[in-house]
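Data first, discussion second: the structure below is written as structure tokens.
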Amino acid sequence: MNELSRKFVFYGALFMAMAVAVGAFGAHGLKQSLTKEMAIVYHTGVAYQFYHALGLFAVAFVAHFNPSKKVAWAGYLMIFGIVLFSCSLYALSITHIMWLGAITPIGGTGFIVAWILLAWGVKEKSFA
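Using the numbering used here, count along the sequence shown one by one with no gaps and you end on 275.
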């Protein structure tokens, strides 16, 4: 496993563990304090964190065969997206500071660009 693959496996595992912890905290610790609407917002953050932590494993797999800048940027943008998208939703649902919702689409855009870069990285190199 090369250094780039190792890095994204590490971050993928770290964000997966965090998603489990944050999800459990939301389900149990915040159960009484979140409105139904804010619980949905919180759960959306957890779900997208899970999806993109798994995405980091996909990046690590592709980086093993093609450690290109496009693939590396895909991983970094997934990390960026988790921090901005998911964490802004966690903070919004807990604090009710509504302007935090303006940050969320920036993270979502990071996710979209990350997946496009990963696809581009796969397309430019044969895995045979």
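We put the CB at the ideal spot given by N, CA and C, even for glycine. Remember, it's a predicted structure, so these values are computed and weren't measured experimentally.
How about His243 and Met225: are their beta carbons less than 8 Å apart?
For the purposes of this step, residue 243 is identified with residue 96 of the sequence shown, where counting begins at 1. For the purposes of this step, residue 225 is identified with residue 78 of the sequence shown, where counting begins at 1. Contact: no.
Of the listed residues Tyr237, Val209 and Thr251, nearest to Trp267 (C-alpha basis):
Along the sequence shown, read from residue 1 onward, the residue named residue 267 stands at position 120. That would be Val209, whose Cα lies nearest to the Cα of Trp267.
Roughly how many angstroms lie between the CA atoms of Ala164 and Gln179, to the nearest whole one?
Walking along the sequence shown from the start, residue 164 turns up at place 17. Walking along the sequence shown from the start, residue 179 turns up at place 32. In a straight line, the C-alpha of Ala164 is about 24 Å away from that of Gln179.
Residues of its chain near His211, where Cβ-Cβ distance is below 7 Å and the 5 sequence neighbours each way are ignored:
Locating residue 211 in the sequence shown gives position 64, counting from the first residue. Correct list, in chain order: Met148, Asn149 and Ser152.
For a quick check, are the C-beta atoms of Tyr195 and Ser233 less than 8 Å apart?
Taking the sequence shown and counting its residues from 1, the one referred to as residue 195 is at position 48. Taking the sequence shown and counting its residues from 1, the one referred to as residue 233 is at position 86. Yes, the Cβ-Cβ distance between Tyr195 and Ser233 is below 8 Å.
Going by the beta-carbon positions, is the gap between Gly228 and Gly255 smaller than 8 Å?
On the sequence shown, position 81 is the one that residue 228 refers to. On the sequence shown, position 108 is the one that residue 255 refers to. Yes, Cβ-Cβ distance for Gly228 and Gly255 is below 8 Å.
How many angstroms separate the CA atom of Phe155 from the CA atom of Trp220?
Numbered from its first residue, the sequence shown carries residue 155 at position 8. Numbered from its first residue, the sequence shown carries residue 220 at position 73. Cα to Cα, Phe155 sits roughly 11 Å from Trp220.
Cβ neighbour criterion (16 or more within 10 Å) applied to Gly192:
Indexing the sequence shown from 1 puts residue 192 at position 45. Buried, by the Cβ-count rule.
Closer than 7 Å: is that where the CB of Gly173 sits relative to any heavy atom of the ligand SAH?
The ligand content of the structure shown is nil, which means the ligand SAH is not present either.
So, under 8 Å CB-CB, Lys217 and Leu264 are touching, yes? Tell me the CB distance rounded to an integer number of Å.
Walking along the sequence shown from the start, residue 217 turns up at place 70. Walking along the sequence shown from the start, residue 264 turns up at place 117. The Cβ separation is near 5 Å, so the contact holds.
Once DSSP output is grouped into helix, strand and coil, what is the label at Thr182?
Counting from one through the sequence shown, the residue named residue 182 turns up at place 35. Coil, per DSSP.
Which of helix, strand or coil DSSP assigns to Leu177
What you label residue 177 is simply residue 30 of the sequence shown in a count that begins at 1. Coil, per DSSP.
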